[in-house]
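Residue numbers (our numbering): 43 to 269. For glycine and all other residues, C-beta sits at the position ideal for the given N, C-alpha and C. The structure presented is a predicted model; accordingly, all values stated were derived computationally and were not measured.
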């Protein structure tokens, strides 16, 4: 009787081992890329929601304000060299956010973490909420991030830029100059004085991350205040 020979177990060849490594490696890389894509999408949605919130807060803050100063108004006066516009922008003595009492006061204003208390340079500390309060940077544990003096730091990286424009009442896509008016045509048409035009308010929010060289526009909220 012949004894049966035991067949030696066959090992993996070098090519098989290499292919296995490649397949596993591709799978791991695909998993990592999918996770990174998810994180980027989640980060974008968070930033988009924050941007829309910040723009909407400005709209709510200015919702009840008149178009022009309730005392001085908007008008033109001849100084000897032609008609000069008066009343657009911040009036003397309006130095803080709480002092701004009409919409044209906000034209060109930027609210950002690096904003100074001097409104003359066109910016103020921000971003702010609908009550005009600076929004603090909040840690993951729910506490505010403080500066070296123990005061809450503003929401880092975010800014709000406000633009106020006078637009044509019959074509809201047409921006008119601040001193534009429509002469009267007696007796049928009374015309429009410089303060009788609707206004378009644009709030654009920006974000600058720690690795960004400049702020990036995140969203823009636009609305029209009728005449």
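Assess contact between the region 175–187 and the region 204–217, defined as three or more Cβ pairs (one per stretch) separated by less than 8 Å. Is contact present? They do not touch, by the three-pair rule.
Return yes when the Cβ of residue 157 is within less than 9 Å of the Cβ of residue 165, no when it is not. For the purposes of this step, residue 165 is taken as the residue at position 123 of the chain shown. For the purposes of this step, residue 157 is taken as the residue at position 115 of the chain shown. Yes, they are a contact pair.
Starting from residue 202 and walking both ways along the beta strand (DSSP E), at which residues does that stretch end? One-based indexing of the chain shown puts residue 202 at position 160. Counting along the chain, the beta strand (DSSP E) containing residue 202 begins and ends at 200–210.
If you compare alpha carbons, which of 93, 198 and 237 is closest to residue 252? In the chain shown, the residue the question calls residue 252 occupies position 210. Here the closest residue by C-alpha is 198.
Given this structure, state the Cα-to-Cα distance separating residue 100 from residue 257, to the nearest angstrom. The count along the chain shown starts at 1 and reaches residue 100 at position 58. The count along the chain shown starts at 1 and reaches residue 257 at position 215. Each residue's Cα considered, the two are about 19 Å apart.
Whole-angstrom C-beta distance between residue 263 and residue 245, which should lie under 8 Å: Translated into positions along the chain shown, residue 245 becomes position 203. Translated into positions along the chain shown, residue 263 becomes position 221. So it is a contact: roughly 5 Å between Cβ atoms.
For a quick check, are the C-beta atoms of residue 96 and residue 190 less than 9 Å apart? As a working note, residue 96 is residue 54 in the chain shown. As a working note, residue 190 is residue 148 in the chain shown. With contacts defined as CB atoms closer than 9 Å, residue 96 and residue 190 fail to qualify as a contacting pair.
What does DSSP give as the partner residue(s) for residue 130 in the beta ladder? For the purposes of this step, residue 130 is taken as residue 88 along the chain shown, with counting starting at 1. DSSP, once it has assigned bridges, lists no residue as partnering residue 130.
I need the straight-line Cα distance from residue 160 to residue 137, nearest angstrom please. One-based indexing of the chain shown puts residue 160 at position 118. One-based indexing of the chain shown puts residue 137 at position 95. Distance between the alpha carbons of residue 160 and residue 137: 7 Å.
Whole angstroms are fine: how far does the CA of residue 201 sit from the CA of residue 180? Here residue 180 refers to the residue found at position 138 when the chain shown is read from its first residue. Here residue 201 refers to the residue found at position 159 when the chain shown is read from its first residue. Straight across, the Cα-Cα distance linking residue 180 with residue 201 is about 16 Å.
Simplified DSSP state of residue 88, which is helix, strand or coil: Taking the chain shown and counting its residues from 1, one reaches residue 88 at position 46. Three-state result, residue 88: helix.
Can you find a CB in chain B that lies within less than 9 Å of the CB of residue 104? Among the chains in the structure shown there is no chain B, since it carries only a single protein chain.
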